[in-house]
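Enquirer: Numbering (this note's numbering), first residue to last: 605 to 803.
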């Protein structure tokens, strides 16, 4: 997976926090002292900002007025302290949403996945999903190989600390059970020795 970019503008405290765990993060982080230095950097390096997320302290009109970007690219952090695991989890979910922000409906296998209504449907049957279930399906559907519990923890949950693997296993089990009961499909998410896959 190509790593996405996180731009931290005029928020040195947050950058220092993330820098400590940089090697464990599934995204790149860049720090800018102010908006002007950020603009100079993207102009000089011809960076496509549509593939980036911006972390800001609060609603910052600069980003909305001066950059033609999608609202899903702005992630507002009203105040610190914030638990680092929660922060990374929220960033990961924001990145997943950004990847698919141009599209609200997806067709996978013979299902329709509606992100806006959080529903998956097939043959006039509909099933409500949680946001985490949507994120899990989108992530697995974007991969060609089975994804391990460790990868799911990092990419979808965003946890950087030691977490028991049954967190993901239980989540996948419940999602598979919901789909099996509603659509009589036991093969929507396949379980392999080295992880889970949607094919």
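From the three backbone atoms N, C-alpha and C, an ideal C-beta is built for every residue, glycine too.
At the level of alpha carbons, what is the spacing between residue 713 and residue 724?
Expert: The residue labelled residue 713 in the question sits at position 109 within the chain shown. The residue labelled residue 724 in the question sits at position 120 within the chain shown. Each residue's alpha carbon lies about 11 Å from the other.
Enquirer: If we ignore side chains and look at the alpha-carbon of each, how far apart do residue 793 and residue 778 end up?
Expert: As a first step, residue 793 must be located in the chain shown, where it is residue number 189. As a first step, residue 778 must be located in the chain shown, where it is residue number 174. So the two alpha carbons sit approximately 11 Å from each other.
Enquirer: For a test of the three-state rule: what should DSSP assign to residue 611, helix, strand or coil?
Expert: As a position in the chain shown, residue 611 is number 7, starting the count at 1. Three-state result, residue 611: strand.
Enquirer: In whole angstroms, what is the alpha-carbon distance linking residue 798 and residue 752?
Expert: Indexing the chain shown from 1 puts residue 798 at position 194. Indexing the chain shown from 1 puts residue 752 at position 148. Those two C-alpha atoms are separated by around 6 Å.
Enquirer: Hey, how far is the Cα of residue 606 from the Cα of residue 659?
Expert: Numbered from 1 along the chain shown, position 2 holds the residue referred to as residue 606. Numbered from 1 along the chain shown, position 55 holds the residue referred to as residue 659. With a pLDDT of 46 at residue 606, under the threshold of 50, the modelled position of that residue is not reliable, and the figure given next carries that caveat. If you take the alpha carbons of residue 606 and residue 659, they lie about 20 Å apart.
Enquirer: Name the residue from 790, 618, 800, 687 whose alpha carbon lies nearest to the alpha carbon of residue 745.
Expert: Residue numbering aside, residue 745 sits at position 141 when the chain shown is read from its first letter. Checked all of 790, 618, 800, 687; the closest Cα to residue 745 is 800.
Enquirer: Thinking C-beta only, is residue 709 closer than 9 Å to residue 718?
Expert: The residue labelled residue 718 in the question sits at position 114 within the chain shown. The residue labelled residue 709 in the question sits at position 105 within the chain shown. Contact flag set, yes.
Enquirer: So residue 622 and residue 633 are in contact, right, with Cβ under 8 Å, and what is the actual spacing, rounded?
Expert: Numbered from 1 along the chain shown, position 18 holds the residue referred to as residue 622. Numbered from 1 along the chain shown, position 29 holds the residue referred to as residue 633. With 8 Å as the limit, residue 622 and residue 633 qualify as a contact, their Cβ atoms being about 5 Å apart.
Enquirer: Opposite residue 731 in the DSSP bridges: which residues?
Expert: Translated into the one-based positions of the chain shown, residue 731 becomes position 127. According to DSSP, which records beta bridges pairwise, residue 731 is partnered with 724.
Enquirer: With hydrogens ignored, establish whether the beta-carbon of residue 687 is closer than 8 Å to any heavy atom of the ligand NAP.
Expert: Because no ligand of any kind appears in the structure shown, any question about the ligand NAP cannot be addressed here.
Enquirer: Going by DSSP in three states, residue 716 sits in which element: helix, strand or coil?
Expert: Here residue 716 refers to the residue found at position 112 when the chain shown is read from its first residue. Of the three classes helix, strand and coil, the one that applies to residue 716 here is strand, per DSSP.
Enquirer: Does the Cβ of residue 611 have 16 or more other Cβ atoms within 10 Å, making it buried, or fewer, making it exposed?
Expert: Along the chain shown, read from residue 1 onward, the residue named residue 611 stands at position 7. Its Cβ being crowded by 16 or more others within 10 Å, residue 611 is buried.
Enquirer: Which of helix, strand or coil does DSSP assign to residue 739?
Expert: Taking the first residue of the chain shown as 1, we reach residue 739 at position 135. Of the three classes helix, strand and coil, the one that applies to residue 739 here is helix, per DSSP.
Enquirer: Keeping to the same chain, check which residues put their C-beta closer than 7 Å to that of residue 786; ignore five residues upstream and five downstream.
Expert: Counting from 1 along the chain shown, the entry for residue 786 is found at position 182. Cβ neighbours of residue 786 beyond the five flanking positions: 729, 731.
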